[in-house]
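One gets the working numbering by counting positions in the sequence shown from 1 and adding 14 to each.
The block underneath contains the structure these notes are about, expressed in structure tokens.
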Amino acid sequence: MDLPRPCSFLMFHMKNTTDLTDAPAFKALSGHRGDAAADDAGYTRDTSKLIAFYLPQYHRVAENSEWWGPGFTEWTNVARARPNFDGHHQPHIPRELGFYDLDRVETMREQAELAREYGVHGFCFYYYWFSGRRILERPLDNFLASDIDMPFCLCWANENWTRTWDGDTKSVLLEQKYAEGDEERFIQDIHPFLSDPRYIRVDDKPLLVVYRIKELPDPAGSIQKWRKEAERLGLPGLHVSVVDFYDISDPREVGADAMVEFPPHKFNGPQNCPDPLPDLTNPNFRGGLIDYSRVIAQSMLRPQPPYTLYRGIIPSWDNTARRQDTGTIIVNATPEFFGSWLKFLRAYTRETRPGASDPFIFVNAWNEWGEGCHLEPDVQWGLGYLDEVARSSYISSEDLLPVDQARAAAFRRIEQIAARDGVPIKTDLSKHVPMKPHVQRIAHAMQKYPLLHKITRKLYRAAHALLH
Numbered sequence: 015m016d017l018p019r020p021c022s023f024l025m026f027h028m029k030n031t032t033d034l035t036d037a038p039a040f041k042a043l044s045g046h047r048g049d050a051a052a053d054d055a056g057y058t059r060d061t062s063k064l065i066a067f068y069l070p071q072y073h074r075v076a077e078n079s080e081w082w083g084p085g086f087t088e089w090t091n092v093a094r095a096r097p098n099f100d101g102h103h104q105p106h107i108p109r110e111l112g113f114y115d116l117d118r119v120e121t122m123r124e125q126a127e128l129a130r131e132y133g134v135h136g137f138c139f140y141y142y143w144f145s146g147r148r149i150l151e152r153p154l155d156n157f158l159a160s161d162i163d164m165p166f167c168l169c170w171a172n173e174n175w176t177r178t179w180d181g182d183t184k185s186v187l188l189e190q191k192y193a194e195g196d197e198e199r200f201i202q203d204i205h206p207f208l209s210d211p212r213y214i215r216v217d218d219k220p221l222l223v224v225y226r227i228k229e230l231p232d233p234a235g236s237i238q239k240w241r242k243e244a245e246r247l248g249l250p251g252l253h254v255s256v257v258d259f260y261d262i263s264d265p266r267e268v269g270a271d272a273m274v275e276f277p278p279h280k281f282n283g284p285q286n287c288p289d290p291l292p293d294l295t296n297p298n299f300r301g302g303l304i305d306y307s308r309v310i311a312q313s314m315l316r317p318q319p320p321y322t323l324y325r326g327i328i329p330s331w332d333n334t335a336r337r338q339d340t341g342t343i344i345v346n347a348t349p350e351f352f353g354s355w356l357k358f359l360r361a362y363t364r365e366t367r368p369g370a371s372d373p374f375i376f377v378n379a380w381n382e383w384g385e386g387c388h389l390e391p392d393v394q395w396g397l398g399y400l401d402e403v404a405r406s407s408y409i410s411s412e413d414l415l416p417v418d419q420a421r422a423a424a425f426r427r428i429e430q431i432a433a434r435d436g437v438p439i440k441t442d443l444s445k446h447v448p449m450k451p452h453v454q455r456i457a458h459a460m461q462k463y464p465l466l467h468k469i470t471r472k473l474y475r476a477a478h479a480l481l482h
């Protein structure tokens, strides 16, 4: 298989770089034209496959106009975000792709071309299905009817739509209900996608991701019925993967095949707060701050579990666009930090999934602009994050390290980057202590009680600092 040739986006990037030979994308992609050439130069194509979550929100629908005002799309939130502290990168303004409209199938073609050229294997489209009612479905239907060359799968985003954008039970706009017979109807509804030749498969079985599996009244029973209905429709079964949410510890609890790691879930505890804290410019801000390097440390120190885990990564996270005064914000995120983290996850996947048909790493996300996590280029970082994806797609023989050595190398690289940029990391990231799983579950449940949650958060952070 040939290395991807520079597309129009890459050519634009190279053309607008003073020294073409120094352009990261030029170095990452232009030096080789095939695996044999890469081999001769001492490079190997990495076997892991990046799947990026994809939000189909960027077009008008009647429901959003009714709930949020005429013409509302996710861009409405994105454009009105404002900084909360010194150095806070808001708003996030798109660059190459602009404020696009997903009603145009050509937009999705451009996205797929850009993603593919930089080494993203496929998209995982969020699928919104409420007991037979579909919403935000037009981009997916347009994609299905097109000849866009991009592998894809579906993630059933089975949580309530609320005014707080977090799936809670308050201020519900569209409730997720589960009726008898929904299991069969759901598989029948998505069957055209599952049977598409572009659909991502594991051992020939279509990959279905479920966001909140424990929200189903009978998760294990539902998965069994999905598989049975898929087989009745002529498919060889289903490969069901569940998101690593706070209420589940092992996919085998519900009879699923794998778990999908989904930062910042389980990464946003007080143990990951930045030190020092930035100076607030918004006196009303009462959200949470997370240090990117500590998130990376928690990820890299996660032991291999006894089940199939697809590792996850985020370029950043900042949902200020949706929650100006109460958002959760990752600070100190940069493309270089992201690249160091991604290289480690590729090493982890090479070692833990050798020869498997599912060497997946999930990226949150391709285009979550309202949550500040997007591989798509913006004014702040340009193509920086995609450059890191491309660079990590090919590895030199000296970088083919066992996972323990890859972890140590990543820690050294992150510390070197921070020191070079004048913001040295004060703690030993290799000794980072994450929050225990049972504490994570308790902390998540306590978010329903803001004052109590705030008090216990401060107490936990103080105790954590004292002990560690």
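Where is the CB? At the ideal position from N, CA and C, for every residue including glycine.
- Within the same chain, and ignoring the five residues on either side of Trp175 in sequence, the residues whose Cβ sits closer than 6 Å to its Cβ are Leu187 and Leu188.
- A Cβ-Cβ distance of about 5 Å is found for the pair Ala234 and Val268, placing them in contact under the 8 Å criterion.
- Straight-line spacing of the CA atoms in Phe200 and Phe144 works out to 9 Å.
- The residue among Pro297, Arg316, Glu365 and Leu415 with its C-alpha nearest the C-alpha of Lys445 is Arg316.
- Nearest C-alpha to Ala404 among Ser236, Glu350 and Ala370: Glu350.
- Cβ atoms of Leu168 and Phe139 come within 8 Å of each other, at about 6 Å.
- Nearest neighbour of Trp240 by Cα position, chosen from Pro368, Asp218, Asp203 and Ile214, turns out to be Asp203.
- Ala311 sits away from Trp331, with the two beta carbons spaced by 9 Å or more.
- Taking a C-beta distance under 9 Å as the contact criterion, Gly301 and Ile343 qualify as a contact pair.
- Annotated as proximal: Ser313 and Phe281, with beta-carbon spacing under 9 Å.
- Cβ-Cβ separation between Ala335 and Pro105: approximately 7 Å, consistent with a contact (criterion under 8 Å).
- For Lys219, the three-state secondary structure derived from DSSP is strand.
- Pro265 is a Cβ neighbour of Thr322, given a cutoff of 9 Å.
- One Cα belongs to Pro368, the other to Met273, and the distance between them is close to 18 Å.
- For Glu382, the three-state secondary structure derived from DSSP is strand.
- Secondary structure of Lys440 (DSSP, three-state): coil.
- Counted as a single uninterrupted DSSP element, the alpha helix (DSSP H) harbouring Ser79 occupies residues Ala76 to Trp82.
- Cβ-Cβ separation between Leu222 and Val254: approximately 5 Å, consistent with a contact (criterion under 8 Å).
- Ala361 sits close to Pro416, with the two beta carbons spaced by under 9 Å.
- Excluding residues up to 5 positions away in sequence, Phe358 and Ala361 lie with their Cβ nearer than 6 Å to the Cβ of Ala420 in the same chain.
- Per DSSP, the continuous beta strand (DSSP E) segment holding Ala272 begins and ends at Ala272 to Val274.
- In terms of Cβ geometry, Arg215 and Ile162 do not form a close pair [threshold 9 Å].
- Inter-residue distance for Leu158 and Tyr213 is about 10 Å (C-alpha atoms, whole angstroms).
- A Cβ-Cβ contact shorter than 9 Å links Phe99 with Pro292.
- For the 9 Å CB-CB criterion, Thr87 and Arg337 do not form a contact.
- With a cutoff of 9 Å on beta-carbon distance, Phe376 and Glu229 are scored as not near each other.
- At the C-beta level, Lys63 and Gly136 come within 9 Å of one another.
- Here Leu69 carries a coil assignment [DSSP, helix/strand/coil].
- Pairing Asp392 with Arg109 gives a Cβ-Cβ distance under 9 Å.
- The three-state reading of DSSP puts Gly396 in strand, counting E and B together.
- Beta-bridge pairing by DSSP links Ile343 to Leu303 and Asp332.
- CA-to-CA, the gap between Leu303 and Cys287 works out to about 6 Å.
- Residue pairing from DSSP places Ser410 in a beta bridge opposite Tyr57.
- Assigned with DSSP and collapsed to three states, Pro391 falls in coil, not helix or strand.
- The Cβ neighbour count for Asn298, taken over all protein chains shown within 10 Å, is under 16; the residue is labelled exposed.
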